[in-house]
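K.L.:
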Amino acid sequence: MALVGDIKATLRAMLPLVEEKSDRKFLDKALEHYRDARKGLDDLAKLSDKAIHPQYLAQQISPFCR
Numbered sequence: 001m002a003l004v005g006d007i008k009a010t011l012r013a014m015l016p017l018v019e020e021k022s023d024r025k026f027l028d029k030a031l032e033h034y035r036d037a038r039k040g041l042d043d044l045a046k047l048s049d050k051a052i053h054p055q056y057l058a059q060q061i062s063p064f065c066r
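For the sequence shown, full-length UniProt numbering begins at 1 and goes up steadily by one.
(1) Quick one: does the C-beta of D49 sit closer than 8 Å to a heavy atom of the ligand NAD?
(2) From L41 to L57, what does the alpha carbon distance come to, in whole angstroms?
(3) Does DSSP classify S48 as helix, strand or coil?
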């Protein structure tokens, strides 16, 4: 969905159209996917005796960029 305009006004206009859901299946599946993806990225961020993986480099310099 492409939206053009002031984000605050757009969200205010769309908010009444959003229905709250009590079924957590989609949320739980998305959270599980996030945890799995995060683990995979964390595994890539380990130092090895081979070439430096970009994920490892990003993890190492991240604290200095805040």
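For every residue, glycine included, the Cβ atom is placed at its ideal position computed from N, Cα and C.
P.N.:
According to the structure shown:
(1) Ligands displayed in this structure: none; no statement on the ligand NAD is therefore possible.
(2) Translated into the one-based positions of the sequence shown, residue 41 becomes position 41. Translated into the one-based positions of the sequence shown, residue 57 becomes position 57. Using only the alpha carbons, I get a separation of about 12 Å.
(3) Locating residue 48 in the sequence shown gives position 48, where the first residue counts as 1. Of the three classes helix, strand and coil, the one that applies to S48 here is coil, per DSSP.
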